[in-house]
Amino acid sequence: MTHPVQHPNFASIRFPLDPLTPRDAAVNDQPAQPPHDIPRETIDLQIADVLATVRYPANKDAIVDAARDAGASNEVLSMLDGLPEQDYADVNAVTQWVAGNFGPGLGV
311 MTHPVQHPNF ASIRFPLDPL TPRDAAVNDQ PAQPPHDIPR ETIDLQIADV LATVRYPANK
371 DAIVDAARDA GASNEVLSML DGLPEQDYAD VNAVTQWVAG NFGPGLGV
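Structure representation (structure tokens):
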């Protein structure tokens, strides 16, 4: 089951309600298992897939590690590495920063 995540700068994204979907790590210190080949996706899909695997609250390092473990492109890793050092309460907190720094054209 999924629920929509709404943000004024992004299209609606659907994220799993069940925190233990196959895409998630069993515990925070295990790498996430992406559902498909993330490096071949567009940047916005890569970011959406990566953020769906992160357990929140999460800090910048956990988000970047999840992207790296998922095989995200260097472009996505660079974007997420630019996140300020802080804890992010949920996916919306991360997408707000991405939208504010990379513009509404990024359809996360």
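Count along the sequence shown starting at 1, add 310, and that's the number in our numbering. Backbone N, C-alpha and C fix where the C-beta goes; we use that ideal spot for every residue, glycine too.
For residue i, three-class secondary structure by DSSP
i	result
Asp359	helix
Gln396	coil
Ala380	helix
Thr352	coil
Val404	helix
Whether residue i touches residue j by CB criterion (9 angstroms)
i	j	result
Leu387	Val404	no
Asn369	Glu395	yes
Asp391	Pro367	no
For residue i, the residue or residues it bridges with in DSSP
i	result
Asn369	Asp397
Candidates the options, of which the one nearest residue i by Cα
i	options	result
Asp354	Met389, Tyr366 and Val364	Met389
Asp359	Pro367, Gln406 and Asp379	Asp379
Ala409	Ile357, Thr363 and Ile373	Ile357
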